[in-house]
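Engineer: Its first residue numbered 2, the sequence shown is counted upward by one per residue in the numbering used here. For glycine and all other residues, C-beta sits at the position ideal for the given N, C-alpha and C. Once you've had a glance at the structure underneath, I'll fire off some questions.
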Amino acid sequence: MTTYDVVVVGGGPAGMAAAIAAYDAGCPRVVILDREPQPGGILMQCIHSGFGLHKLGRELTGPEYAAVYAQEVARRNIPVMTETTVTAITPDRVVTAQNRTGIVMLQAGAVILAMGCRERSRGALRICGTRPAGVYSAGTAQKLINCMGWRAGKRVVILGSGDIGLIMARRMSLEGAKVEAVCEVMPYSGGLTRNIVQCLGDFDIPLYLNTTVVEVHGQMRVEGVTIAQVDEQRRPIPETQRHIPCDTLLLSVGLIPENELTRSMGIPMDPVTGGALVDESCQTALPGIFACGNVLQVHDLVDYVSEEGERAGYGAAAFVQGKSTQSVPLLTQAGANVRYVLPQTISTTEASVSLFFRVTRPMGNVRCVARSGDTLLTSKTCPRVAPGEMERITLTPDMLQCAGHTITVTAEVTE
2 MTTYDVVVVG
12 GGPAGMAAAI
22 AAYDAGCPRV
32 VILDREPQPG
42 GILMQCIHSG
52 FGLHKLGREL
62 TGPEYAAVYA
72 QEVARRNIPV
82 MTETTVTAIT
92 PDRVVTAQNR
102 TGIVMLQAGA
112 VILAMGCRER
122 SRGALRICGT
132 RPAGVYSAGT
142 AQKLINCMGW
152 RAGKRVVILG
162 SGDIGLIMAR
172 RMSLEGAKVE
182 AVCEVMPYSG
192 GLTRNIVQCL
202 GDFDIPLYLN
212 TTVVEVHGQM
222 RVEGVTIAQV
232 DEQRRPIPET
242 QRHIPCDTLL
252 LSVGLIPENE
262 LTRSMGIPMD
272 PVTGGALVDE
282 SCQTALPGIF
292 ACGNVLQVHD
302 LVDYVSEEGE
312 RAGYGAAAFV
322 QGKSTQSVPL
332 LTQAGANVRY
342 VLPQTISTTE
352 ASVSLFFRVT
362 RPMGNVRCVA
372 RSGDTLLTSK
382 TCPRVAPGEM
392 ERITLTPDML
402 QCAGHTITVT
412 AEVTE
C-alpha cells in the first residue's frame, strides 16, 4: 500500500486545481486518479470557446483550458494515474482502485472527491414511443462529433435548454444539420444568457418554452417526435400536440453529480444539490474527505469549478498538516426565492466566506440578502438573476462574528 498526503479522485478541472492547490500548500505527495486516458474531464470534448474569462483573464476552448492546468500539474511532477477507476474508499481514507496492472490500494491523509457528474438519460424521463437509434444525450452527441468525428444526425430536435443543449444546437448547425426546435418544459431556459443569444438567436433556432416531447416515432431510426405544451403541473396538454419530422433527438435534461462513492461512505447528502453537505473548505461531514466541482454542485462556469477545487485543495492540505479551524455552529439555509446555498456549514470566523446560491426563477431588480435572524449581514443588488446562473455573496470575518446560529440567504424583488 502506497501512502500519499492527498489523493484526488477525478482528473477534470476541479481535480487538477485541487491537486495543484494541495501541492502548493505544502503537501508534496499528491496523486490524481482518473478513469479516462488523459486528464481534462468533460473539457476535452468542449471545443467551443468561452472558458477562462474569469479565472485566467483570457478566452480559451475547453481543451486549451484543461491544458493550462495539465501543464501546471506536470510542472509540479504530480503523478496522474489514468485509466484507473476508484471502486471503494473507507472512512479511514484507504482508496481502492483498479487499472490494467491490477488492484491499487492507497492510504491517504486526505481524499478529495472530484468525480464530476453524468447526464440524465431517456429512461428517467418516461417518454412514450419506440426505442429507435438516434436518441442521444447531448453530451454523448458532443463527444461523437467533437472527439470521434461522427455525424449524429441531419434533422434534430433538442429537449432541454441547459447549456450543453444550447451549445449542441449551435454545433449541429455548424455541422450542417437542421435544428428544428429546442423544447424546454420550464417557462424559462436553464442555460446562460450568452448561450441563448449566441447558440439560438444567432442561428435562428426556435425555443419553445413550457413544451416537452411526449412521444418518439420510428422503428430502426427516429422518424419524428410529438411535442406538446404543458400546464402548471408540467402535464402535457393533449390539444396542443404536434408532430415534428426528425432523425435525431438530443436530451439535455439535467446533470446528476456522480456520488456513488460518496454515498458508499455514508456521507450526508444535500437533496437539492445532489452533492455532499460541506463547510467553507469543502470538507464533508466525514473528516478528511473533501468534495469539489460538479460532484458537489452543478456549475455553469468552469472558472467557479477551479476556484472550488482550490478551496478543497487548501482545505485538504490544512487537514493533513493538522491546522484545525475554529469550530462555531454556523449553518446556512435558503430563504425566499433561493433554491439552495452552499456551503451548508461554516466552521470559521477568521476568514471571508463566499456563499454560492441559485434562485428559483428568473427575476429582475433583485436584492440578494444574507441575514442572521433580524441582523442584516450583507446584501447586493442584481439587475437580473436566473436559475441557470450561479450567484455569490461574500461574508467578511466581522459579519461572521456578528452572525447567530443560522445565516439565511434570500432574493428580494425591489420596486
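#1: Output the boundary residues of the alpha helix (DSSP H) element that contains Ala89.
#2: Within this structure, are the beta carbons of Gly161 and Leu302 separated by less than 9 Å?
#3: Grouping DSSP H, G and I as helix and E and B as strand, with all else coil, what is Ile290?
#4: With the cut-off set at 9 Å, would you say Glu60 and Ser50 are in Cβ contact?
#5: Can you tell me whether Val217 is helix, strand or coil according to DSSP?
#6: Inspect the beta-carbon positions of Asp35 and Met82 and report whether they are closer than 9 Å.
#7: So, helix, strand or coil for Thr194, using DSSP?
#8: Evaluate Gln72 with the Cβ neighbour count: other Cβ atoms within 10 Å of its Cβ, from every protein chain shown; 16 or more gives buried, anything less gives exposed.
#9: Identify, in the order they occur along the chain, each residue of the same chain with its Cβ nearer than 6 Å to the Cβ of Arg393, setting aside the five sequence neighbours on each side.
#10: Secondary structure at Tyr189, three-state DSSP: helix, strand or coil?
#11: Per the contact definition of three or more C-beta pairs closer than 8 Å, is the segment 128–147 in contact with the segment 271–284?
#12: Do Ala318 and Thr409 come within 9 Å of each other at the CB atom, strictly closer than that value?
#13: So the beta strand (DSSP E) Val158 belongs to, where does it begin and stop?
#14: For the pair the segment 62–80 and the segment 95–107, tell me if three or more CB-CB distances fall below 8 Å.
#15: Report the three-state DSSP secondary structure of Ile33 (helix, strand or coil).
#16: On the CB-based measure, 16 or more other CB atoms within 10 Å of its CB, does Pro14 come out buried or exposed?
#17: Contact check, Gly310 vs Gly16 under 8 Å by CB: the rounded distance?
#18: Which same chain residues end up closer than 6 Å to Pro344 when comparing Cβ atoms and leaving out the 5 residues on each side of it in sequence?
Structural biologist: According to the structure shown:
#1: Here residue 89 is taken as the residue at index 88 of the sequence shown, counted from 1. Here Ala89 belongs to no alpha helix (DSSP H); instead the beta strand (DSSP E) covers Thr86 to Ile90.
#2: Locating residue 161 in the sequence shown gives position 160, where the first residue counts as 1. Locating residue 302 in the sequence shown gives position 301, where the first residue counts as 1. Taking 9 Å as the Cβ cut-off, Gly161 and Leu302 do not qualify as a contacting pair.
#3: Counted from its first residue, the sequence shown places residue 290 at position 289. In this structure, DSSP gives Ile290 an extended state, which the three-state scheme calls strand.
#4: Within the sequence shown, the letter at position 59 stands for residue 60. Within the sequence shown, the letter at position 49 stands for residue 50. Yes, Cβ-Cβ distance for Glu60 and Ser50 is below 9 Å.
#5: Here residue 217 is taken as the residue at index 216 of the sequence shown, counted from 1. In the structure shown, Val217 sits in a strand (DSSP, three-state: E or B).
#6: To locate residue 35, count along the sequence shown from 1; it is residue 34. To locate residue 82, count along the sequence shown from 1; it is residue 81. The answer is yes: Cβ separation under 9 Å.
#7: As a working mapping, residue 194 is identified with position 193 in the sequence shown. If DSSP states are grouped into helix, strand and coil, Thr194 belongs with the helices.
#8: Counted from its first residue, the sequence shown places residue 72 at position 71. Under this definition Gln72 is an exposed residue.
#9: Reading the sequence shown from its first residue, position 392 is the one you call residue 393. The beta carbon of Arg393 lies closer than 6 Å to those of Ser355 and Phe357 in the same chain, with the five residues before and after it left out.
#10: On the sequence shown, position 188 is the one that residue 189 refers to. Residue state, collapsed to three classes: coil.
#11: No contact exists between the segment 271–284 and the segment 128–147.
#12: Your numbering for residue 409 matches position 408 in the sequence shown. Your numbering for residue 318 matches position 317 in the sequence shown. Against a cut-off of 9 Å, the Cβ pair of Ala318 and Thr409 comes out as no contact.
#13: Here residue 158 corresponds to residue number 157 of the sequence shown, with the count starting at 1. Note, Val158: beta strand (DSSP E), Arg156 to Leu160.
#14: They do not touch, by the three-pair rule.
#15: Position 32 of the sequence shown, counting from 1, holds the residue named residue 33. Assignment of Ile33 by DSSP, reduced to helix, strand and coil, places it in the strand class.
#16: In the sequence shown, the residue the question calls residue 14 occupies position 13. Pro14 is buried by the Cβ-count criterion.
#17: For the purposes of this step, residue 310 is taken as residue 309 along the sequence shown, with counting starting at 1. For the purposes of this step, residue 16 is taken as residue 15 along the sequence shown, with counting starting at 1. About 7 Å separates the CB atoms of Gly310 and Gly16; that is less than 8 Å, so the two are in contact.
#18: Within the sequence shown, residue 344 is the residue found at index 343, counting from 1. Counting only Cβ-Cβ distances below 6 Å, and skipping sequence neighbours, we find Val279, Asp280 and Glu281.
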